[in-house]
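Engineer: Heads up: the sequence shown begins at 0 in numbering that gives the first Met the number 0, then just goes up one per residue.
Where is the CB? At the ideal position from N, CA and C, for every residue including glycine.
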Amino acid sequence: MRASLLAGTLALASCAMSVQAEPDTEPHLTHNVFFELKDKDETAVQSLVDACYEYLAPHEGIVYFSAGPRHTDYKREVNDLNFDVALTIVFEDTAAQDAYQVTEPHLQFIEEFNENWASVRVFDSLAPSGSD
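1) Does any heavy atom of the ligand HEM sit closer than 7 Å to the C-beta of Val77?
2) Can the beta-carbon of Asp83 be found closer than 8 Å to that of Pro104?
3) Which residue comes first and which comes last in the alpha helix (DSSP H) that contains Phe108?
4) Tell me which same chain residues have a C-beta within less than 6 Å of the C-beta of Thr150, skipping the five on either side of it?
5) Put Ala50 into one of helix, strand or coil per three-state DSSP.
6) Could you give the distance in angstroms between the alpha-carbon of Gln100 and the alpha-carbon of Asp49?
7) Shortest alpha-carbon distance to Ile88 belongs to which of Glu25, Leu55, Asn115?
8) How big is the Cα-Cα spacing for His30 and Tyr73?
9) Would you say Thr24 and Ser128 are within 8 Å of each other, going by their C-beta atoms?
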């Protein structure tokens with residue numbers, strides 16, 4: 000009886016490991032953008048956050064979207080304080096992110112708001128599609 004239970008448990012564990020090892024879809028693309036503004040006034044910061052939601056959130060292929068101001072109370076040694084607004088978009092795949100880059104709302108967002116950007120840093124990474 001114990002041998003049967005052990006064999007069954009090992010078989011299930013083996014199946015679970017093979018499912019995790021072989022994802023059936025392309026990984027998501029995580030697109031992180033950090034804006035440092037010239038005008039750091041609270042109104043200017045909130046204006047950019049609002050614009051992110053207006054222009055950038057309603058796109059096909061987005062799995063997760065978030066935009067917000069830097070948490071100004073966090074000033075630990077490990078915190079990078081060189082940004083005012085953070086944008087995180089997780090796309091279904093690389094193709095969805097590529098399509099987003101050339102959409103009219105994305106290009107309009109850049110055109111309308113780039114004058115107040117002191118710097119923009121972009122970090123793109125892959126995430127397993129099973130993590131959403």
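Structural biologist: On the basis of the supplied data:
1) Among the ligands in the structure shown, none appear at all, so the ligand HEM cannot be discussed.
2) The sequence position of residue 83 within the sequence shown is 84, counting from 1. The sequence position of residue 104 within the sequence shown is 105, counting from 1. Taking C-beta atoms as the reference points, Asp83 and Pro104 fail to come closer than 8 Å.
3) In the sequence shown, residue 108 corresponds to position 109, counting from 1. Phe108 -> alpha helix (DSSP H) spans 103-112.
4) Nothing can be reported for residue 150: it is not among the residues displayed for the chain, which extend from 0 to 131.
5) Position 51 of the sequence shown, counted from the start, is the residue given in the question as residue 50. Here Ala50 sits in helix by DSSP.
6) Residue mapping note: residue 100 aligns to position 101 of the sequence shown, counting from 1. Residue mapping note: residue 49 aligns to position 50 of the sequence shown, counting from 1. Whole-angstrom Cα-Cα distance: 19 Å.
7) As a position in the sequence shown, residue 88 is number 89, starting the count at 1. For Ile88, the closest C-alpha among the options Glu25, Leu55, Asn115 is that of Leu55.
8) For this step, residue 30 is matched to residue 31 along the sequence shown. For this step, residue 73 is matched to residue 74 along the sequence shown. In a straight line, the C-alpha of His30 is about 23 Å away from that of Tyr73.
9) As a first step, residue 24 is located in the sequence shown; it is residue number 25 there, counting from the start. As a first step, residue 128 is located in the sequence shown; it is residue number 129 there, counting from the start. Yes.
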